[in-house]
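The structure appears below as structure tokens.
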Amino acid sequence: AGQGGGEAKKKNIAVHVTRSAETGQRKRHPWLFESDIRKLSHEGEPGDVAVVFDNKKQYLSVGLFDPYSPIRVRVLHHNEKVSVDSDLVLDRVRQAAKAREGILPPDTDGFRVINGENDGLGGLVVDRYGSTLVAKVYSSAWLVWMDAVKDALVQVTGAERLVLLMSRQLQKLPSDILKGYSHGCILHGPPLPEGVLNFVECGITFECDPIRGQKTGFFLDQRENRMRVEKLAKGRSVLNVFSYTGGFSLYAARGGASEVTSVDISTPATEAAMRNFNLNQDLSTREGGTVGQCRHIPVAEDAFQFMREAAQSGRSFDVVIVDPPSMANKASLREVAIKRYTELASLAAQVVKPGGKVVLASCSSRVSTDQFFSACFAGVAQAGKSLLDVEQTQHAVDHPLTFAEGSYLKCMFATVC
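What the sequence shown shows, in this note's numbering, is residues 16 to 432, in sequence order.
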């Protein structure tokens, strides 16, 4: 098995795992944690090929080793033996591209190209914004293989530019581990124009800032949920809290909303939402008017505080959208996150008009769908209200799911009465 990124070939690491980890590998789980490993043949370096064996020294799987991550091995293939090389990376990128053929809505050039483990490339996420690809790596293992990743992505997609982002944990590693790469560096093509990209989603133009923004610059996983909001916004007043750069807000405006209030604690995000509205002033709405005719009220304020004050003053809205950032980035924060989701649901129920709609979302992978929905029902009950016509939605179609931990996004659409 070869190394990418111009590195010389090294001896593979033999990884012997615990009994419980054996079961997980036979079920094709893409992760091996430090606690799953009984023995290593030798100390490995980031990007080394790790060959996984059971207690009888029978082959289980193969992946990439990362001594700096709790996930020690990002498994790339199970059961059958394969060579881990640039050809495997190219094949996975081709498979991902083929899987997305024909599934995207019209007038869309912003979408997920590689969804990590779910596309067979664990720890690597790639999004496309127009002619630019933004690759975000969550494991130092991929830095050794970055030449192979770059070549495969450019060959398959024909993108003009490739930007590399790193997770916060990765950015903390010593420079020698980062192989000369840096967060926001250009792997292929010209520099970013002032760091901002424009792209189109369902005919709506958005800007995104890959380097300073959230995730890769935009929340592409909520696309289908934004499309649902557009369909229920006609003639209604809409409150969008944790609005970021106004994704849900713009869909509501195009859907014919009479008024949209976008609330986010980040002033730069609120300013970006205003710019996004300006980009779409002349865009036709479902009512035959234009987006510019919708009254847009951007508010740079804490979402909790805004809704508390709105409830106390008796202010209400026909549609309330609550899409906060992750509230549990580790298991120990799960209970705190559930309490906050409960409070948010209660506040949403207090500021939505009787018979109005709430859209409640969670992107915390450590909070299950059942836990999140229970928190929402509990919060609405605390407000003396109840939910009807409850519908559950998930990730956008270009975000495939192949393992339980990959299912992080939960979204509820419901009527409050």
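Heads up, the beta-carbon is just placed ideally off N, CA and C, and yes, glycines get one too.
T33 - partner residues in DSSP beta bridges: Under DSSP, T33 shares a beta bridge with no residue.
For the alpha helix (DSSP H) containing I86, list its first residue and its last residue. Run containing I86: none in the alpha helix (DSSP H); it sits in the beta strand (DSSP E), 86–93.
From the beta carbon of P189, is the nearest beta carbon of chain D less than 8 angstroms away? You won't find chain D in this structure, because it holds only one protein chain.
Meets three-Cβ-pair contact criterion under 8 angstroms: the segment 352–370 and the segment 267–281: Contact between the segment 352–370 and the segment 267–281 is absent, because fewer than three Cβ pairs lie under 8 angstroms.
Return the chain-ordered list of same chain residues with a C-beta closer than 7 angstroms to the C-beta of Y360, the five sequence neighbours on each side being excluded. Checking the sequence, you will find Ala at residue 360 rather than Tyr. Cβ within range, chain order: L375, A390, C391, G394, V395.
What is the DSSP secondary structure of D124, counted as helix, strand or coil? Here D124 carries a coil assignment [DSSP, helix/strand/coil].
State the DSSP-derived secondary structure class of I353, mapped to helix, strand or coil. Helix at I353.
Buried or exposed for I129, please, with buried defined as at least 16 other CB atoms from any protein chain shown within 10 angstroms of its CB. The C-beta of I129 has 16 or more other C-beta atoms within 10 Å across all chains shown, which makes the residue buried.
Length of the line joining the Cα atoms of V256 and Y83: C-alpha separation (whole angstroms): 36 angstroms.
Distance CB(L158)-CB(K194) smaller than 8 angstroms: Yes, the Cβ-Cβ distance between L158 and K194 is below 8 angstroms.
Using 8 angstroms as the threshold, is the C-beta distance between A434 and L177 below it? Because the chain spans 16 through 432 in this model, residue 434 falls outside it and cannot be assessed.
Can you list, in chain order, the stretches of the beta strand (DSSP E) that have 3 or more residues and sit fully within the segment 293–338? Listed in chain order, the complete beta strand (DSSP E) runs (minimum 3 residues) inside the segment 293–338 are 310–315, 332–337.
With a CB to CB cut of under 8 angstroms and the five nearest residues on each side skipped, what residues in its chain are close to P340? Within the same chain, P340 has close Cβ partners Q229, F257, C378.
G20 to D404, Cα distance in whole Å? Its pLDDT being 45, under 50, G20 is placed unreliably in this model, and the coordinates cannot settle the point.
Taking all protein chains shown into account, do 16 or more other C-beta atoms lie within 10 angstroms of the C-beta of D224, making it buried, or fewer, making it exposed? When all chains shown are included, D224 counts as buried.
Ignore the nearest five residues each way along the sequence and tell me which others in S328's own chain have a CB closer than 7 angstroms to its CB. Within its own chain, no residue has a Cβ closer than 7 angstroms to the Cβ of S328 once the five positions on either side in sequence are excluded.
Can you tell me where the beta strand (DSSP E) holding R386 begins and where it ends? The sequence shown places Gln at residue 386, rather than the Arg named in the question. No beta strand (DSSP E) holds Q386; the alpha helix (DSSP H) holding it covers 384–397.
Where does the unbroken beta strand (DSSP E) through S377 begin, and where does it stop? Residues 367–377.
If you run the structure through DSSP and keep just helix, strand and coil, what is K113? If DSSP states are grouped into helix, strand and coil, K113 belongs with the helices.
Buried or exposed: which applies to G39, given that a residue is buried once 16 or more other Cβ atoms fall within 10 Å of its Cβ? With 16 or more other Cβ atoms within 10 Å, it is buried.
Within 8 angstroms, do at least three Cβ pairs link the segment 55–64 to the segment 121–136? These segments do not touch.
Measuring CA to CA, which of A343, L265, R323, D191 is closest to I312? Comparing alpha-carbon positions, the option among A343, L265, R323, D191 lying closest to I312 turns out to be L265.
Counting only the same chain and skipping the five closest in sequence on each side, list residues whose C-beta sits under 7 angstroms from that of G421. The residues are E132, N133.
Nearest-angstrom Cα distance between V140 and V152? Cα-Cα distance, rounded: 6 angstroms.
Where do the N-terminal and C-terminal ends of the alpha helix (DSSP H) with L168 fall, by residue? 161–172 is the span of the alpha helix (DSSP H), which, as asked, contains L168.
If you measure between the beta carbons of V373 and V431, is that distance less than 8 angstroms? Yes, the Cβ-Cβ distance between V373 and V431 is below 8 angstroms.
Thinking C-beta only, is R53 closer than 8 angstroms to V77? Using a Cβ distance threshold of 8 angstroms, V77 and R53 do not count as a contacting pair.
Output needed for R330: all residues of its chain with C-beta closer than 7 angstroms, excluding positions within five of it in sequence on either side, in chain order. Taken in chain order, the residues that qualify are V366.
What residues in its chain sit with their C-beta under 7 angstroms from that of S146, if we drop five residues either side in the sequence? Taking C-beta separations shorter than 7 angstroms and ignoring five residues to either side along the sequence, the partners of S146 in its chain run A174, E175, R176, following chain order.
Collapsed DSSP secondary structure at N240 in the structure displayed: In the structure shown, N240 sits in a helix (DSSP, three-state: H, G or I).
Do you know offhand how far S56's Cα is from T408's? Straight-line measurement puts the Cα of T408 at about 45 angstroms from the Cα of S56.
Where L148 and Q397 are concerned, what is the direct C-alpha to C-alpha distance, given to the nearest angstrom? Their Cα atoms are separated by approximately 45 angstroms.
Inter-residue CB distance, G271 and R301 (contact presumed, cutoff 8 angstroms): Yes, G271 and R301 are in contact; Cβ-Cβ is about 5 angstroms, under 8 angstroms.
Sub-8 angstroms separation of S154 and R89 beta-carbons: For S154 and R89, yes; Cβs fall inside 8 angstroms.
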